[in-house]
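The sequence shown begins at 1 in the UniProt record's numbering and counts up one residue at a time.
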Amino acid sequence: MSAPGSPAGRSDLAGRFDLTGRTALVTGAARGLGRAFAVALARAGADLVLTDLPGAAGLAQTAAEVRGLGRAALVAEQDLAETAALHGFADRVRAEAGPLHILVNNAGTAALERFNEITPGSWYRVMRVNLDAVFFLTQRVAEHMVADGVPGRIVNVTSKNALVAEAGLAHYNASKAAVDLLTQTLAIELAPHGVTVNSLAPGMVETPIDGEFPFDREAFEAAYRARIPLGRYARPEECTGALLLLVCDEGAYLTGSRIVVDGGVLADQMPRTAYMPAYRSSLRLPPKDGTP
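In structure tokens:
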């Protein structure tokens, strides 16, 4: 038997995270988290179906990165706000790519608006992309997984805003909270078919969606970083480990669950650290210069 930490032991563990022979559909794959998720899945051995808005800048680059890792990448453009088209889209993907093993509902949109500025058009646009598309795409893809006898893995990318609100994001907050409960409902219904459904809730991530908001970004980010226990935004790649756990064999018993990747924000309800006395170690360590 291999000792813990031995090369053989590491190889066995790596095998449990191996996605070779599986195909994953990632929405919102042109940039940010979507690209990071797609590349991470490819590194683990999966082939990819990549979707984003028609003409989305960056989708070809994501496909090139996936292919550069030796994995197949099918580009399938689709406006997820076109709810009535999603079943047909899922059928086409199944016909072209074969059975889907993994669905990552990552695409999302947001608008920074006070509650009294939100129009019906703005409200429904956010809901169609963030909530309706998640449900109706999952509905059809899950049916294919069941028909194909695939032990599918579905991951809905929500947000810490599914758990705590932020001003100016009433529609976004509501959509992400709804997806969180939808995730649990689908997990219950799909469990008898061997399909798991979980959510991944990032905190503040260095992605383009945040840069599109019309506010003093520099001042906001400085204040927000001071609020994050780890002191910085996440890089998109730092959310991929949680995703891989949810889609690999090691995560087979995880369903109806949520993994939060937020640098500790939700754990720190009262940011008091900056006002406390400076940290002092209680250890009695020798001086760093080596003297007794």
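Don't be surprised by glycine CBs; every beta carbon is placed ideally from N, CA and C.
Straight-line Cα distance separating residue j from residue i
| i | j | result |
| --- | --- | --- |
| L19 | T196 | 16 Å |
| A113 | P120 | Note on residue identity: the sequence assigns Glu, not Ala, to residue 113. Approximately 12 Å between the Cα atoms of the pair. |
| R258 | R280 | 35 Å |
| E65 | T138 | 26 Å |
| P271 | N173 | 22 Å |
| G5 | A63 | Here G5 scores only 47 on pLDDT, less than 50, and its place in the model should not be relied on; the value that follows carries that caveat. G5 and A63: Cα-Cα distance of roughly 35 Å. |
| D268 | E166 | 15 Å |
Closest by C-alpha distance to residue i, when choosing among the options
| i | options | result |
| --- | --- | --- |
| V26 | A57, G45, L103 and E189 | L103 |
| G152 | D249, V261 and G264 | D249 |
| C239 | R35, L80, A147 and S282 | R35 |
| L131 | L86, D148, F115 and R94 | L86 |
| E96 | L182, A165, L186 and V49 | V49 |
| L69 | A46, A56, M204 and P54 | A46 |
| T83 | R43, A44, A56 and Y124 | Y124 |
| G149 | P202, M276, T273 and P192 | P192 |
| R43 | Y253, G241, D216 and P202 | G241 |
Beta-bridge pairing of residue i - partner residues as DSSP gives them
| i | result |
| --- | --- |
| S23 | Note that residue 23 corresponds to Thr in the displayed sequence, not to Ser. Note: T23 sits in a beta bridge opposite D47. |
| R94 | In the DSSP output, where bridge partners are listed per residue, R94 has none listed. |
| residue 295 | There is simply no residue 295 to check, as the chain begins at 1 and stops at 292 in what is shown. |
| A234 | V205 |
Beta-carbon gap between residue i and residue j smaller than 8 Å
| i | j | result |
| --- | --- | --- |
| V157 | N106 | yes |
| H171 | L100 | no |
| V179 | A162 | yes |
| L266 | K176 | no |
| T51 | G98 | no |
| V141 | A90 | yes |
| I154 | G256 | no |
| G264 | P236 | no |
| V129 | A111 | no |
| A30 | G58 | yes |
| A72 | V93 | no |
| A81 | L243 | no |
Where the beta strand (DSSP E) containing residue i begins and where it ends
| i | result |
| --- | --- |
| I102 | I102 to N105 |
| L74 | A73 to V75 |
| V260 | R258 to V261 |
Residue range of the unbroken alpha helix (DSSP H) whose run includes residue i
| i | result |
| --- | --- |
| R225 | R217 to R227 |
| R31 | Looking at the DSSP string, R31 is not in any alpha helix (DSSP H), and its letter there is neither H nor E. |
Proximity test, residue i beta-carbon vs the ligand MN heavy atom, cut-off 7 Å
| i | result |
| --- | --- |
| R71 | For the structure depicted, the ligand MN is absent and the ligand set is empty, with no information on it obtainable. |
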